[in-house]
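*Asks:* First the structure, which I've put down as structure tokens, then a few questions once you've had a look.
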Amino acid sequence: AQKITQTQPGMFVQEKEAVTLDCTYDTSDPSYGLFWYKQPSSGEMIFLIYQGSYDQQNATEGRYSLNFQKARKSANLVISASQLGDSAMYFCAMRPMNSGYSTLTFGKGTMLLVSP
Amino acid sequence: DGGITQSPKYLFRKEGQNVTLSCEQNLNHDAMYWYRQDPGQGLRLIYYSQIVNDFQKGDIAEGYSVSREKKESFPLTVTSAQKNPTAFYLCASSEGQRSYGYTFGSGTRLTVV
Chain A
283 AQKITQTQPG
293 MFVQEKEAVT
303 LDCTYDTSDP
313 SYGLFWYKQP
323 SSGEMIFLIY
333 QGSYDQQNAT
343 EGRYSLNFQK
353 ARKSANLVIS
363 ASQLGDSAMY
373 FCAMRPMNSG
383 YSTLTFGKGT
393 MLLVSP
Chain B
23 DGGITQSPKY
33 LFRKEGQNVT
43 LSCEQNLNHD
53 AMYWYRQDPG
63 QGLRLIYYSQ
73 IVNDFQKGDI
83 AEGYSVSREK
93 KESFPLTVTS
103 AQKNPTAFYL
113 CASSEGQRSY
123 GYTFGSGTRL
133 TVV
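So the protein lines, in turn, are chains A and B. Heads up, the first sequence is in this note's numbering, so the first residue is 283 and it goes up one at a time. Heads up, the second sequence is in this note's numbering, so the first residue is 23 and it goes up one at a time.
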């Protein structure tokens, strides 16, 4: 079974500053994928970034980067130069990739508030 | 534009009534999923379907039922057996077994009074 832990219920950051959202995971599968989703107040889940367990480099997508530390089983999301529109819930998720069929397991989320 | 449509956005029902939430996708995705979201609980998997006419229970399937008669459609019925049905329900789809991306709908907020 997989488990995702997000220990920060809420985070505050000022506009234009960088912020790190924490995510740790637990799995016995050797091959897995890690994901971050953003959920604004409208409710839709927006895919941000993906990291494969065998990827050599940390994933980056524009202002988003994933700080992947495999030995520590952590996959923290770093948002650089925060914008007011970044205020939302952020979910970390993972999915085994080795065999059979698997589904995404989500953490409980972190609410990010960006202030002017 | 391709995507997932969930309807309605808000739904109110009396206690003891069954209610069906609609989920339609035009992405030609094989797999579809239903998640439930409660405050502070994240997303929990209710049911998922890999192909037409086949579906599997997720972590919290009790009190729910689904059907997958068409590739495009995966409706969720919240039955009177569900003890606490008030929640936000999200439908998602993905291309197949190893695809890593899920596409989500905009959700249905169900309130049972």
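Backbone N, C-alpha and C fix where the C-beta goes; we use that ideal spot for every residue, glycine too. All values reported here derive from a predicted model rather than from experimental measurement.
1) Given that methionine 327(A) touches chain B, what residues does it touch there, using C-beta distances under 7 Å?
2) Between leucine 49(B) and chain A, is there a C-beta pair that is closer than 8 Å?
3) Is the beta carbon of valine 301(A) less than 8 Å from the beta carbon of serine 356(A)?
4) Within its chain, find whatever has a CB closer than 6 Å to the CB of leucine 386(A); leave out the 5 residues flanking it on each side and keep chain order.
5) Going along chain B, which residues have a C-beta under 8 Å from threonine 385(A)?
6) Which residues in the same chain as glutamine 288(A) place their Cβ atom closer than 7 Å to its Cβ, once the five residues preceding and following it in sequence are excluded?
7) Can you check which of these residues, Tyr372(A), Asn349(A), Leu316(A), Gln351(A), is closest to glutamine 284(A) by C-alpha distance?
8) Considering only the alpha carbon of each residue, which of Ala103(B), Arg58(B), Val88(B) lies closest to phenylalanine 96(B)?
9) Can you have a look at leucine 366(A) and say buried or exposed, based on whether 16 or more other CB atoms are within 10 angstroms of its CB?
10) By Cβ distance, which residues of its chain are closer than 8 Å to leucine 98(B), with the 5 residues on each side in sequence left out?
11) Nearest by alpha-carbon distance to alanine 103(B): which of Lys93(B), Glu84(B), Ser116(B), Asn50(B) is it?
12) Name the DSSP bridge partner or partners of cysteine 6(B)?
*Replies:* Reading it off the structure:
1) Numbered from its first residue, the first sequence carries residue 327(A) at position 45. Leu112, Phe126, listed in chain order.
2) The residue given as residue 49(B) occupies position 27 in the second sequence. Closer than 8 Å: no.
3) Against the first sequence, residue 301(A) aligns to sequence position 19. Against the first sequence, residue 356(A) aligns to sequence position 74. Cβ distance not < 8 Å, so valine 301(A) and serine 356(A) don't count as in contact.
4) Walking along the first sequence from the start, residue 386(A) turns up at place 104. Around leucine 386(A): Ala375, Arg377.
5) Taking the first residue of the first sequence as position 1, residue 385(A) is located at position 103. Near threonine 385(A) (Cβ distances below 8 Å), the residues of chain B are Tyr55, Leu67, Tyr70, Gly80.
6) Here residue 288(A) corresponds to residue number 6 of the first sequence, with the count starting at 1. For glutamine 288(A), where only same-chain residues beyond five positions count, the Cβ hits under 7 Å are Asp304, Cys305, Cys374, Gly389, Lys390, Gly391, Thr392.
7) Working through the first sequence from its first residue, we reach residue 284(A) at position 2. The shortest Cα separation from glutamine 284(A) among Tyr372(A), Asn349(A), Leu316(A), Gln351(A) belongs to Leu316(A).
8) Indexing the second sequence from 1 puts residue 96(B) at position 74. Closest option to phenylalanine 96(B), Cα to Cα, is Val88(B).
9) Looking up residue 366(A) in the first sequence gives position 84. Here leucine 366(A) is exposed: its Cβ has fewer than 16 other Cβ atoms, across all protein chains shown, within 10 Å.
10) For the purposes of this step, residue 98(B) is taken as the residue at position 76 of the second sequence. Taken in chain order, the residues that qualify are Thr42, Leu43, Cys45, Trp56, Ile68, Tyr69, Tyr86, Ser87, Val88, Tyr111, Cys113.
11) One-based indexing of the second sequence puts residue 103(B) at position 81. The option with the nearest alpha carbon to alanine 103(B) is Glu84(B).
12) For chain B, the structure presents residues 23 to 135; residue 6(B) sits outside this window and is missing.
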